[in-house]
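The structure appears below as structure tokens.
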Amino acid sequence: MSIKHKVLTASILLAITGTTATALVTAQRDRDAGNAAAGASAQTAATAAAARNAAHAPAARASLEHPFADAAARSGATPAAQLERHPAVERARELLQADKARNAAARGLSGAGADTALAAERYQPRDVIVEADGSEHVRFQRDYRGLPVIGGDLVTHARNGLLTSISKTLDLTLGDGGAAPKPKLSSAQAIADAGVHFAGRFLEQPKSRMVYFAKNNQPTLAFEVTFRGLNKAQRPVHELLYVDAGNGDLLGRDSRIYSAESTEAEGYTITRGKVTITTAKVGAEESDGRGAGYLLRDDKRGGGSTHNTGGTVVDLIFGGGDFSAPAMFDADNIWGNEQMTNIERTGVEAHYGVARTWDYYKKFYDRVGIFGDGVGVQSFVNVTFSYFGIFDLGGTNAFWDGDAKRMVYGNGDFGVSNPVVAIDVAGHEMSHGVTQATSGLLYSGDAGGLNEATSDIHGTLVEFFDNSPKDPPDYLIGENVNLDGTPLRYMFKPSLDTDAAGNGSFDCYPAAGFTEEDPHYTSGVGNHFFYLLAEGQKVPKSHRKTVLASDLVCNGATGLKGLTPTVAGQIWYRANTLYLTSQSSYPDARVATQTAAQDLVDRGLLKASAVKTVACAWEAVNVGLPEGSDAARCKQ
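Be aware that the sequence shown starts at 72, since it is given in my numbering, and climbs by one per residue.
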């Protein structure tokens, strides 16, 4: 085994160390081509960045003497860290204080009392716009007695040093200043009082903080209680409720999911051409400063979202990687184009695969979400991988992060592979999550092979469910990953993936079972069984010239019949969710699937002969019954 192959195999075995990751790694990579591509990509990126900077460069450059000379006449042009020092902000704050002092004098306040009252109110800038004609617009948040004022935000408008107007919906009547009063309610009681008005179920612990709520122009001491959860339609809810800190009365509420609604959009994929996807229409407040538009988020399917990491590096042993990127954004809801290099194509393909996997589990097994809790999954595309921080493994990889409950997709390798976002890959990886939530199969020995086989099986069935003419369903795993079309695995004849060094998947179950072998190879037995159960002893059209019907069995059987992919999937799913446990062996899986088939027979959903068909398929891959078992045999 070569050094390179050992490195790649070690990365595949990552899951044994404690994560439910699965690595779809290509053993053949052209390192020189990859490095050359990386250099070219970096040069291209630098050129593009320079072009963008030039396109947006202001006529007057900033300098130490004029640090804000490049402030554009648009919202958000000034970095938050510089807002406090912006001359327009300083002028606006002075104008506000002068205006407040005039109002105080009109009410008869003067001297120390007026000074104390004025000092109690503070203005925190949020944004500034300076237009070409010299007009200055500054948006402020307000603090009163050291606490935020909800509803107290305002915008000053000035020109030539004069305040022209103030945009505000609420103002505060000046009080006596001083420290904030003590609340009569505890934080826990405020959360309980606010919870009466929250129509949903929690996904995280509610939080609270002290604020003033500007109601009827009076600063009312209040608790702001934050709830995150799902509403009855399984759409995400992020709601702020304000309750009076004195008596618990509801003062008001706010939602941080602004104008979100599910929309249908068209997007280009890598393997499926143009597809329809579900996106979320959002206002500017929910797009992380990117403006009003659309997020690659699916609120119809539990709020699952797709994110571009920008090439973050994940070490397959030590983890890491930056997964803080917000959901992908598009202003016009037309995602990607026909250029293979377009990053949106990668995001669309991943997003589409997640949606189809969700729909598959819901339609066939009445399972809503990976964990059955109606919660969508976060997917992160454009990732590269390393091993021990030394070996560059490129981007031909994808995995389900069991701890973080997220999907991670590699960005492919130049000249070798596409981004690893094909639909059977998406179905495969998310099915690891289903196994995590149900049988909890370990990732070693027989159980590891069963774990991987479960994901291959459901990934394949998702592809059958999608039934795209651009990618007709088959029993090949990851055939759209490698540019040369070589699949990662073959379900009908697993050993076809064997490399020159003799490493490959098992067709038949060894008498001693499995111990330390790679689960991606030991899964061959489960994949092989499933193919025979679904299709029988029928050679796929793509391999009729090279594979014989006799090559599809390990025991010389002939004439095996299948039950259809859908029925085989029902049997396997039921076995995994009801009968398999974390350390099940292949013989245990035989009993589990035969029991699951018998359940369906007892319910009148299958003919009695189905149990025998299951038994014959297992025997065709040399999996016998556990010692002492009285379960059905192929030939009694």
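By construction, the Cβ of each residue, glycine as well, lies at the ideal position given by its N, Cα and C atoms.
These figures come from a predicted structure and were not determined experimentally.
{"Item": "Minimum length 3: unbroken beta strand (DSSP E) runs contained in the region 414-498", "Value": "449-458, 462-465, 469-472 and 477-481"}
{"Item": "Best match in VAL552, VAL425 and TYR546 for proximity to VAL487 [C-alpha to C-alpha]", "Value": "VAL552"}
{"Item": "Distance between GLY597 and TYR657 (C-alpha atoms, nearest Å)", "Value": "8 Å"}
{"Item": "Reference ASP214, options LEU189, ASP568 and SER358, closest by Cα", "Value": "LEU189"}
{"Item": "Status (buried if at least 16 other CB within 10 Å, exposed otherwise) for ARG372", "Value": "buried"}
{"Item": "VAL201 at chain D interface by Cβ criterion, 8 Å", "Value": "Note that chain D does not occur in the displayed structure, where there is just one protein chain."}
{"Item": "Three-state class that DSSP yields for HIS309 in the structure shown", "Value": "strand"}
{"Item": "For ARG615, the three-state DSSP class (helix, strand or coil)", "Value": "coil"}
{"Item": "N-terminal and C-terminal residue of the alpha helix (DSSP H) that ASP537 is part of", "Value": "516-537"}
{"Item": "C-alpha distance - ASP369 paired with THR349, whole-angstrom precision", "Value": "5 Å"}
{"Item": "Segment contact flag, the region 178-188 with the region 217-235, C-beta cutoff 8 Å, min 3 pairs", "Value": "no"}
{"Item": "For GLN153, the residue or residues it bridges with in DSSP", "Value": "Answer is none; GLN153 lacks a bridge partner."}
{"Item": "First through last residue of the alpha helix (DSSP H) which encompasses PHE600", "Value": "590-606"}
{"Item": "N- and C-terminal bounds of the alpha helix (DSSP H) containing ILE734", "Value": "Residue 734 lies beyond the residue range present for the chain, which begins at 72 and ends at 707; the question has no answer from this structure."}
{"Item": "When PHE577, ASP555 and SER510 are compared against LYS564, the one with the closest alpha-carbon", "Value": "PHE577"}
{"Item": "Close Cβ partners of ARG438 (< 6 Å) along its chain, the five nearest in sequence each way excluded", "Value": "TYR432"}
{"Item": "ASN404 - containing alpha helix (DSSP H), residue span", "Value": "It is not in any alpha helix (DSSP H) - ASN404 carries neither H nor E in the DSSP assignment."}
{"Item": "For ALA190, the residue or residues it bridges with in DSSP", "Value": "Partner(s): none; ALA190 has no beta bridge."}
{"Item": "Sheet register partners of GLN168 (DSSP bridge)", "Value": "Answer by DSSP bridge pairing: none, since GLN168 is not bridged."}
{"Item": "Run of the alpha helix (DSSP H) containing TYR644, from where it starts to where it stops", "Value": "636-645"}
{"Item": "Neighbourhood of LEU311 by C-beta distance below 6 Å, restricted to the same chain and skipping five residues each side", "Value": "GLU295, THR297 and ASP325"}
{"Item": "Terminal residues of the alpha helix (DSSP H) in which VAL664 lies", "Value": "Going by the sequence as given, residue 664 is Thr instead of Val. Per DSSP, THR664 belongs to the alpha helix (DSSP H) from 657-673."}
{"Item": "Residues near GLU690 in its chain [Cβ-Cβ closer than 8 Å; skip 5 each side]", "Value": "ASN626, ALA628, ARG704 and CYS705"}
{"Item": "Assigned exposure category for HIS422 - 16 Cβ within 10 Å defines buried", "Value": "buried"}
{"Item": "Range of the contiguous beta strand (DSSP E) that encloses LYS345", "Value": "345-353"}
{"Item": "Boundaries (first-last residue) of the alpha helix (DSSP H) holding GLU690", "Value": "680-690"}
{"Item": "Burial state of ASN231, where buried means 16 or more other Cβ atoms lie within 10 Å", "Value": "exposed"}
{"Item": "Limits of the unbroken beta strand (DSSP E) element including ARG210", "Value": "207-215"}
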